[in-house]
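Report on the following structure.
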Amino acid sequence: MIHKYKQNGYNIVLDIHSGAVHVVDDVFYDLLDEVQPPFTADCPQTVLDKLESKYNKKDILDAYSEVLNLFEKGQLFSVDDYEKFSNMMVASPLKAMCLHIAHDCNLRCKYCFASTGDYAEGKRSIMSAETGKKAIDYLIKYSYGRHNLEVDFFGGEPLMNFDAVKEIVLYARSLEKEHNKNFRFTITTNGVLLDDAKMEFINREMSNIVLSIDGRKEVNDRLRVRVDGSGSYDSILPKFKKMVDMRGHDQYYVRGTFTKYNKDFAEDVLHLNSLGFDQISVEPVVSDPSVPYALTEEDLPEVFAEYDRLAQIMIERRKSGTGFNFFHFMIDLDQGPCAIKRLRGCGCGNEYCAITPDGDVYPCHQFVGHEDWKMGNVYDQSLDAKMKDRFASATVYGKEDCKNCWAKFYCSGGCNANSMQYCGDILKPFKLSCELEKKRIECAIMIKAALAE
Amino acid sequence: MKHVKTLNKANLKESAVKGGCGECQASCQSACKTSCTVANQKCEHTK
Chain A
1 MIHKYKQNGY NIVLDIHSGA VHVVDDVFYD LLDEVQPPFT ADCPQTVLDK
51 LESKYNKKDI LDAYSEVLNL FEKGQLFSVD DYEKFSNMMV ASPLKAMCLH
101 IAHDCNLRCK YCFASTGDYA EGKRSIMSAE TGKKAIDYLI KYSYGRHNLE
151 VDFFGGEPLM NFDAVKEIVL YARSLEKEHN KNFRFTITTN GVLLDDAKME
201 FINREMSNIV LSIDGRKEVN DRLRVRVDGS GSYDSILPKF KKMVDMRGHD
251 QYYVRGTFTK YNKDFAEDVL HLNSLGFDQI SVEPVVSDPS VPYALTEEDL
301 PEVFAEYDRL AQIMIERRKS GTGFNFFHFM IDLDQGPCAI KRLRGCGCGN
351 EYCAITPDGD VYPCHQFVGH EDWKMGNVYD QSLDAKMKDR FASATVYGKE
401 DCKNCWAKFY CSGGCNANSM QYCGDILKPF KLSCELEKKR IECAIMIKAA
451 LAE
Chain B
1001 MKHVKTLNKA NLKESAVKGG CGECQASCQS ACKTSCTVAN QKCEHTK
């Protein structure tokens, strides 16, 4: 399978099953509409007849021989032989955990998928250090031989329960040697409660931090509001700046959400960059399509144009030595994840799980609050093996809409929680997310093409 | 080649045979908690 597209003056061809990425000229690009395996040694006359009105014969014949050459090297029209690996995908050890350290929040962000912190459970609660320690025990137990274990402190707002965070981190560290584990901690925070002592602890112990801010003040303060309705921008920004300075501008993201209200979100990315941040993620809101700020299919042309604009600006910035990272345009064409990882993506419900303040286990943070998807508890160390198997086998080849999609090895089947929530089935990808993801992949690869010149 | 410039040397098929150690980061542990993106993750062995 191949996927070809034109963007920003580049003709780009992706060979899906080898992962090869080619930048081609017009004759090669148009030739690919006319030919496919099995190939004959000479270019068919019918193909020449069709293209000779536009290109000279020698160029067509040269391009044809280059198609053959790439085909023989397995870099064009390479065969899809991954299904055999897909059928071997059994449950893996657990290795990553999202700890819902607080089902409470000191902001009332209007788009929050966690229903402003309580995950629609109707009660606000915090995780005890004891439950957190049980979760660490649970992770060690079910990680079997895995060495690298990841724990993300999430909420709600994790800084509302920071004493427990500290206690859990120290507990996990105390077990590393005995169990031959390496814990990598991360935290996602709105920043309201950040102070010097917390920053110092976080910077010492956390391998990555995610700092939530949406961009321009008016954009941030429209949706990221306090309980009294006032905006959060002015109070969090100085803290985020200080925190990133203290980290040496390493291993962090400022992360925002864009909605129907700011389809010019590239301005928010640029605003964050102008404040001195160079690791930026601004992501489309995940919401019920009926809410007023939801992104819907009718918004796609504008959102796509904005991704194009942002990509163009990023190329210019990179070339002028003032580049920055945009999470969704990051791609490493040579050293990305292996094909096995790409077959089933995020690993939710299999390698990754979320733990509620009560110690209940869910496939991921976005499944929390959907009681049917509860898959265990850290106190009795239960884990629903059947449900785990179900997620383990949810590969791109188990999803009808994915297996013949060109983007399958880039997105890896998308977000199972989105699929469940908006399509009623973890195996049915949510189309809107698919369209956005495909556009971002195209932009990311085009940026590579532009910077390779 | 005159008509084609190939940007990468990666071969996913080779990675399928050698891969799957499971030690790399889960994608939702990076910046995205809402929009699954996998191709931008790193292989643990190439860090």
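Those protein sequences? They're chains A and B, same order as listed. Residue 1 is where the first sequence starts when you use the numbering used here, and the numbers rise one by one after that. Residue 1001 is where the second sequence starts when you use the numbering used here, and the numbers rise one by one after that. Note that CB positions come from ideal geometry on N, CA and C, so glycine has one too. What you are looking at is a predicted structure, and each value in this text was computed from that prediction instead of being measured.
**Q.** Beta carbon of T1034 of chain B nearer than 8 Å to that of E167 of chain A
**A.** For this step, residue 1034 of chain B is matched to residue 34 along the second sequence. For this step, residue 167 of chain A is matched to residue 167 along the first sequence. No, they are not a contact pair.
Q: Under the assumption that P238 of chain A contacts T189 of chain A (Cβ atoms under 8 Å), give the Cβ distance between them as a whole number of angstroms.
A: What you label residue 238 of chain A is simply residue 238 of the first sequence in a count that begins at 1. What you label residue 189 of chain A is simply residue 189 of the first sequence in a count that begins at 1. Incorrect: roughly 15 Å between the Cβ atoms, too far for contact.
Q) Among A:H328, A:Q381, A:S287 and A:L223, which one has its Cα closest to the Cα of Q421 of chain A? A) Within the first sequence, residue 421 of chain A is the residue found at index 421, counting from 1. Among A:H328, A:Q381, A:S287 and A:L223, the Cα nearest to that of Q421 of chain A is on A:S287.
(Q) Closer than 7 Å between beta carbons: that is the criterion. Which residues of the region 367-392 of chain A meet it against chain B? (A) Against chain B - using a Cβ distance shorter than 7 Å - the region 367-392 of chain A contributes no residues.
Q: Determine the direct distance from the alpha carbon of D59 of chain A to that of E205 of chain A, and round the result to whole angstroms.
A: Taking the first sequence and counting its residues from 1, the one referred to as residue 205 of chain A is at position 205. Taking the first sequence and counting its residues from 1, the one referred to as residue 59 of chain A is at position 59. Each residue's Cα considered, the two are about 59 Å apart.
Q | C402 of chain A versus V396 of chain A - alpha carbon distance | A | Taking the first sequence and counting its residues from 1, one reaches residue 402 of chain A at position 402. Taking the first sequence and counting its residues from 1, one reaches residue 396 of chain A at position 396. C-alpha separation (whole angstroms): 5 Å.
Q: Verify the CB distance criterion: does Y55 of chain A have a CB-CB separation below 8 Å to chain B?
A: For the purposes of this step, residue 55 of chain A is identified with residue 55 of the first sequence, where counting begins at 1. Chain B contact via Cβ: absent.
**Q.** For F154 of chain A: DSSP bridge partner residues
**A.** Translated into the one-based positions of the first sequence, residue 154 of chain A becomes position 154. For F154 of chain A, which the question treats as bridged, DSSP gives the partners A:H100.
Q: Determine the DSSP secondary structure at M243 of chain A, reduced to helix, strand or coil.
A: As a first step, residue 243 of chain A must be located in the first sequence, where it is residue number 243. If DSSP states are grouped into helix, strand and coil, M243 of chain A belongs with the helices.
Q: On a CA-only basis, which of A:D152, A:Q75 and A:Y10 is nearest E1014 of chain B? Give me that one, please.
A: As a working note, residue 1014 of chain B is residue 14 in the second sequence. Of the candidates A:D152, A:Q75 and A:Y10, the one whose C-alpha sits nearest the C-alpha of E1014 of chain B is A:Q75.
**Q.** Length of the line joining the Cα atoms of I140 of chain A and S65 of chain A
**A.** Numbered from 1 along the first sequence, position 140 holds the residue referred to as residue 140 of chain A. Numbered from 1 along the first sequence, position 65 holds the residue referred to as residue 65 of chain A. Going from the Cα of I140 of chain A to the Cα of S65 of chain A covers about 55 Å.
Q.
Could you check whether the Cβ of D334 of chain A sits closer than 8 Å to any Cβ belonging to chain B?
A. Taking the first sequence and counting its residues from 1, one reaches residue 334 of chain A at position 334. Yes, contact with chain B.
**Q.** Whole-angstrom C-beta distance between C105 of chain A and G156 of chain A, which should lie under 8 Å
**A.** Residue numbering aside, residue 156 of chain A sits at position 156 when the first sequence is read from its first letter. Residue numbering aside, residue 105 of chain A sits at position 105 when the first sequence is read from its first letter. With a contact defined as Cβ atoms closer than 8 Å, G156 of chain A and C105 of chain A qualify at about 5 Å.
**Q.** Residue range of the unbroken alpha helix (DSSP H) whose run includes R173 of chain A
**A.** Position 173 of the first sequence holds residue 173 of chain A. Segment F162 to H179, the alpha helix (DSSP H) holding R173 of chain A.
Q. In whole angstroms, what is the alpha-carbon distance linking E72 of chain A and H1045 of chain B?
A. Position 72 of the first sequence, counting from 1, holds the residue named residue 72 of chain A. Position 45 of the second sequence, counting from 1, holds the residue named residue 1045 of chain B. Distance between the alpha carbons of E72 of chain A and H1045 of chain B is about 29 Å.
Q | Own chain partners of D389 of chain A with C-beta closer than 6 Å, once the 5 adjacent residues on each side are dropped | A | The residue labelled residue 389 of chain A in the question sits at position 389 within the first sequence. So the list reads A91, once near-sequence residues are dropped.
Q) Taking the C-alpha atoms as reference points, what is the distance between P44 of chain A and Q251 of chain A? A) Taking the first residue of the first sequence as 1, we reach residue 44 of chain A at position 44. Taking the first residue of the first sequence as 1, we reach residue 251 of chain A at position 251. Cα to Cα, P44 of chain A sits roughly 54 Å from Q251 of chain A.
Q. What are the boundary residues of the beta strand (DSSP E) that includes R255 of chain A?
A. Counting from one through the first sequence, the residue named residue 255 of chain A turns up at place 255. Where R255 of chain A is concerned, the enclosing beta strand (DSSP E) stretches over Y252 to F258.
Q) When the Cα of A502 of chain A is compared with those of A:L14, A:F113, A:D332 and A:Y29, which residue comes out closest? A) Given that chain A is displayed from residue 1 to residue 453, the structure contains no residue 502 of chain A and the question cannot be resolved.
Q | Rounded separation between L48 of chain A and K57 of chain A - CA only | A | Within the first sequence, numbered from 1, the residue matching residue 48 of chain A stands at position 48. Within the first sequence, numbered from 1, the residue matching residue 57 of chain A stands at position 57. So the alpha carbons of these two residues sit roughly 7 Å apart.
Q: Would you list the one or two residues that DSSP bridges to L149 of chain A?
A: As a position in the first sequence, residue 149 of chain A is number 149, starting the count at 1. Listed as beta-bridge partners of L149 of chain A by DSSP are A:F183.
Q: For the region 223-230 of chain A and the region 181-188 of chain A, state whether three or more C-beta atom pairs, one from each stretch, are separated by less than 8 Å.
A: Contact fails between the region 223-230 of chain A and the region 181-188 of chain A, because fewer than three Cβ pairs, one in each stretch, are under 8 Å apart.
Q.
Suppose you measure from the CA of M160 of chain A to the CA of S125 of chain A; what does that come to, to the nearest Å?
A. Residue 160 of chain A sits at position 160 when you count from the first residue of the first sequence. Residue 125 of chain A sits at position 125 when you count from the first residue of the first sequence. So the two alpha carbons sit approximately 10 Å from each other.
Q: Below 8 Å on the Cβ atoms is my guess for E150 of chain A versus A1026 of chain B; work out the distance and round it to an integer in Å.
A: To locate residue 150 of chain A, count along the first sequence from 1; it is residue 150. To locate residue 1026 of chain B, count along the second sequence from 1; it is residue 26. Going by Cβ atoms, the distance from E150 of chain A to A1026 of chain B rounds to 6 Å, so yes, they are a contact pair.
Q | Contact set between L70 of chain A and chain B, taken where Cβ atoms lie within less than 9 Å | A | Locating residue 70 of chain A in the first sequence gives position 70, where the first residue counts as 1. Against chain B, the beta carbon of L70 of chain A has neighbours under 9 Å at M1001, V1004 and T1006, listed in chain order.
Q.
Let me check one thing: in DSSP terms, what residues is K4 of chain A bridge-paired to?
A. As a first step, residue 4 of chain A must be located in the first sequence, where it is residue number 4. Note: K4 of chain A sits in a beta bridge opposite A:V13.
Q: Whole angstroms is fine: what's the gap from K428 of chain A's alpha carbon to G1019 of chain B's?
A: Walking along the first sequence from the start, residue 428 of chain A turns up at place 428. Walking along the second sequence from the start, residue 1019 of chain B turns up at place 19. Answer to the nearest angstrom: the Cα atoms are 26 Å apart.
Q.
Buried or exposed, going by whether 16 or more other CB atoms sit within 10 Å of the CB of S419 of chain A?
A. Numbered from 1 along the first sequence, position 419 holds the residue referred to as residue 419 of chain A. Residue environment analysis places S419 of chain A among the buried positions, since at least 16 neighbouring C-beta atoms fall within 10 angstroms of its C-beta.
Q.
Given this structure, state the Cα-to-Cα distance separating L432 of chain A from E83 of chain A, to the nearest angstrom.
A. Residue 432 of chain A sits at position 432 when you count from the first residue of the first sequence. Residue 83 of chain A sits at position 83 when you count from the first residue of the first sequence. For L432 of chain A and E83 of chain A, the distance between alpha carbons rounds to 26 Å.
Q. Alpha helix (DSSP H) containing M420 of chain A: first to last residue?
A. What you label residue 420 of chain A is simply residue 420 of the first sequence in a count that begins at 1. Note, M420 of chain A: alpha helix (DSSP H), N416 to C423.
Q: Could you tell me which chain B residues have their CB closer than 7 Å to the CB of D62 of chain A, listed as they occur along the chain?
A: As a working note, residue 62 of chain A is residue 62 in the first sequence. Residues of chain B passing the Cβ test: K1002 and H1003.
Q. Sorted by chain position, which residues of the same chain lie with C-beta nearer than 7 Å to L383 of chain A's C-beta, five sequence neighbours on each side aside?
A. Reading the first sequence from its first residue, position 383 is the one you call residue 383 of chain A. The beta carbon of L383 of chain A sits closer than 7 Å to the beta carbons of Y142, V361, M375 and G376 from its chain, once the five residues preceding and following it are set aside; these are given in chain order.
Q | Contacts of D25 of chain A in chain B (Cβ-Cβ under 7 Å) | A | Counting from one through the first sequence, the residue named residue 25 of chain A turns up at place 25. By Cβ distance, chain B contributes H1003.
Q.
Alpha carbons only, please: which of A:R108, A:A135, A:D80 and A:N87 is nearest the one belonging to L94 of chain A?
A. Reading the first sequence from its first residue, position 94 is the one you call residue 94 of chain A. Nearest in C-alpha terms to L94 of chain A, of all of A:R108, A:A135, A:D80 and A:N87, is A:A135.
**Q.** Assigned exposure category for E442 of chain A - 16 Cβ within 10 Å defines buried
**A.** One-based indexing of the first sequence puts residue 442 of chain A at position 442. Counting Cβ neighbours within 10 Å, E442 of chain A comes out buried, since at least 16 surround it.
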